[in-house]
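A short write-up of the structure that comes next.
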Amino acid sequence: NAGVMQNPRHLVRRRGQEARLRCSPMKGHSHVYWYRQLPEEGLKFMVYLQKENIIDESGMPKERFSAEFPKEGPSILRIQQVVRGDSAAYFCASSTPRGAYEQYFGPGTRLTVT
Amino acid sequence: KQEVTQIPAALSVPEGENLVLNCSFTDSAIYNLQWFRQDPGKGLTSLLLIQSSQREQTSGRLNASLDKSSGRSTLYIAASQPGDSATYLCAVWGGNTLQGAQKLVFGQGTRLTINP
Numbered sequence: 850n851a852g853v854m855q856n857p858r859h860l861v862r863r864r865g866q867e868a869r870l871r872c873s874p875m876k877g878h879s880h881v882y883w884y885r886q887l888p889e890e891g892l893k894f895m896v897y898l899q900k901e902n903i904i905d906e907s908g909m910p911k912e913r914f915s916a917e918f919p920k921e922g923p924s925i926l927r928i929q930q931v932v933r934g935d936s937a938a939y940f941c942a943s944s945t946p947r948g949a950y951e952q953y954f955g956p957g958t959r960l961t962v963t
Numbered sequence: 057k058q059e060v061t062q063i064p065a066a067l068s069v070p071e072g073e074n075l076v077l078n079c080s081f082t083d084s085a086i087y088n089l090q091w092f093r094q095d096p097g098k099g100l101t102s103l104l105l106i107q108s109s110q111r112e113q114t115s116g117r118l119n120a121s122l123d124k125s126s127g128r129s130t131l132y133i134a135a136s137q138p139g140d141s142a143t144y145l146c147a148v149w150g151g152n153t154l155q156g157a158q159k160l161v162f163g164q165g166t167r168l169t170i171n172p
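Top to bottom, those sequences are chains L and B.
Heads up: the first sequence begins at 850 in the numbering used here, then just goes up one per residue.
Heads up: the second sequence begins at 57 in the numbering used here, then just goes up one per residue.
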């Protein structure tokens with residue numbers, strides 16, 4: 850009964866490189882959410898996806914950030930041309946499409962931009 | 057726009073004490089409220105979820121209450137232990153089940169330290 854899986858757990862990128870963060874939801878969950886936690890700040894919603902659909906990306910920065918949740922495979926959060934301000938912990942959560950809509954979180958990916 | 061506030065920002069108490077953490081939210085039209093625990097450098101562990109139709113939920117030494125009309129929730133921890141030391145986060149899931157409304161809005165958290 851694996852929980853939400855995220856990899857890598859830690860990622861170091863130089864300024865200008867691309868970062869790819871992966872999230873596998875819990876078994877039976879078809880809704881995926883990405884949140885970002887900047888140093889000394891609270892968690893902020895970024896994007897909500899269902900399989901092959903972006904439902905709400907109101908929290909995504911307008912440039913350089915994109916997300917997908919393909920029919921097969923994990924959800925991917927992609928950050929192009931990373932800058933130091935992108936250094937943060939990125940958390941993925943998943944939920945079922947019915948019931949209490951409780952969200953279960955993964956361990957996070959800690960991105961450091963040097 | 058929903059805003060969630062947690063008070064106090066930090067709390068330090070001796071082991072064995074009972075304590076209350078507070079959470080307030082500005083828009084009472086919420087679907088549910090979750091309390092999480094976050095250990096330093098780690099992910100979030102869901103502690104309790106209260107649906108909007110409920111008034112409280114209990115799990116072991118934890119009890120969470122919800123008063124939608126006043127926009128408040130409390131997390132009560134009984135007989136605190138050093139292992140309870142962590143940051144406690146309150147988050148609300150807002151409004152309705154329509155697509156586009158399904159996101160958690162988090163408070164800044166309360167950093168709890170239980171002293172042996």
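Glycine included, every Cβ here is placed at the ideal spot set by N, Cα and C.
Rounded separation between residue i and residue j - CA only
i	j	result
L926 of chain L	P172 of chain B	42 Å
G156 of chain B	I904 of chain L	Confidence at G156 of chain B is low in this model, with a pLDDT of 45, below 50, so the placement of that residue should be treated as unreliable; the coordinate-derived value is given next. Approximately 6 Å between the Cα atoms of the pair.
A868 of chain L	T961 of chain L	10 Å
A851 of chain L	K876 of chain L	7 Å
T945 of chain L	S924 of chain L	15 Å
R167 of chain B	G97 of chain B	13 Å
L145 of chain B	T101 of chain B	10 Å
N28 of chain B	Q94 of chain B	No statement about residue 28 of chain B is possible, as the shown extent of chain B runs from 57 to 172 and does not include it.
T169 of chain B	A85 of chain B	32 Å
G865 of chain L	V896 of chain L	23 Å
F954 of chain L	G165 of chain B	16 Å
T958 of chain L	R128 of chain B	31 Å
I133 of chain B	L104 of chain B	12 Å
F22 of chain B	E921 of chain L	Nothing in the structure corresponds to residue 22 of chain B, since chain B is present only between 57 and 172.
E929 of chain L	K159 of chain B	Inspection of the sequence shows that residue 929 of chain L is occupied by Gln rather than by Glu. Distance between the alpha carbons of Q929 of chain L and K159 of chain B: 24 Å.
P857 of chain L	P874 of chain L	15 Å
Y884 of chain L	V148 of chain B	14 Å
S136 of chain B	G99 of chain B	22 Å
P138 of chain B	E901 of chain L	44 Å
D83 of chain B	S108 of chain B	12 Å
L131 of chain B	V60 of chain B	14 Å
T143 of chain B	G934 of chain L	23 Å
K893 of chain L	G908 of chain L	7 Å
G891 of chain L	L860 of chain L	20 Å
L118 of chain B	R863 of chain L	43 Å
L887 of chain L	E112 of chain B	31 Å
Which residues DSSP lists as bridging residue i, in chain order
i	result
S107 of chain B	Per the sequence shown, residue 107 of chain B should be read as Gln rather than Ser. DSSP, once it has assigned bridges, lists B:N88 as partnering Q107 of chain B.
N171 of chain B	B:P70
R959 of chain L	L:H859, L:A938
T101 of chain B	B:R93
Y953 of chain L	L:S943
Q113 of chain B	B:A120
G868 of chain L	According to the sequence shown, residue 868 of chain L is Ala rather than Gly. Paired residue(s): L:I928.
T166 of chain B	B:Y144
Q62 of chain B	B:C79
Under 9 Å from the C-beta of residue i: neighbouring residues of chain C
i	result
Y144 of chain B	Among the protein chains in the structure shown, which are L and B, there is no chain C.
What are the residues in the segment 904 to 919 of chain L lying within 9 Å of chain B by C-beta distance? I904, D905, S907, G908
Could you tell me which whole alpha helix (DSSP H) segments of length 4 or greater appear in the segment 870 to 934 of chain L? none
I'd like the ranges of any beta strand (DSSP E) spanning at least 3 consecutive residues and lying wholly in the segment 118 to 162 of chain B. 118 to 123, 128 to 133, 142 to 150, 160 to 162
At least 3 beta-carbon pairs within less than 8 Å: the segment 909 to 920 of chain L vs the segment 113 to 131 of chain B: no
Using a Cβ-Cβ cut-off of less than 7 Å, list which residues of the segment 934 to 955 of chain L approach chain B; keep chain order. F940, A949, Y950, E951, Q952, Y953, F954, G955
Give, in chain order, every residue of the segment 123 to 137 of chain B whose Cβ lies closer than 9 Å to some Cβ of chain L. none
Closer than 8 Å between beta carbons: that is the criterion. Which residues of the segment 873 to 884 of chain L meet it against chain B? H880, Y882, Y884
Evaluate the contact criterion for the segment 877 to 893 of chain L versus the segment 64 to 78 of chain B: three or more CB pairs, one atom per stretch, below 8 Å. no
Listed from N- to C-terminal order along the chain, which residues in the segment 98 to 120 of chain B have their beta-carbon within a distance smaller than 9 Å of any beta-carbon of chain L? K98, G99, L100, T101, S102, L105, Q107
Short of 9 Å Cβ to Cβ, which residues in the segment 63 to 83 of chain B face chain L? none
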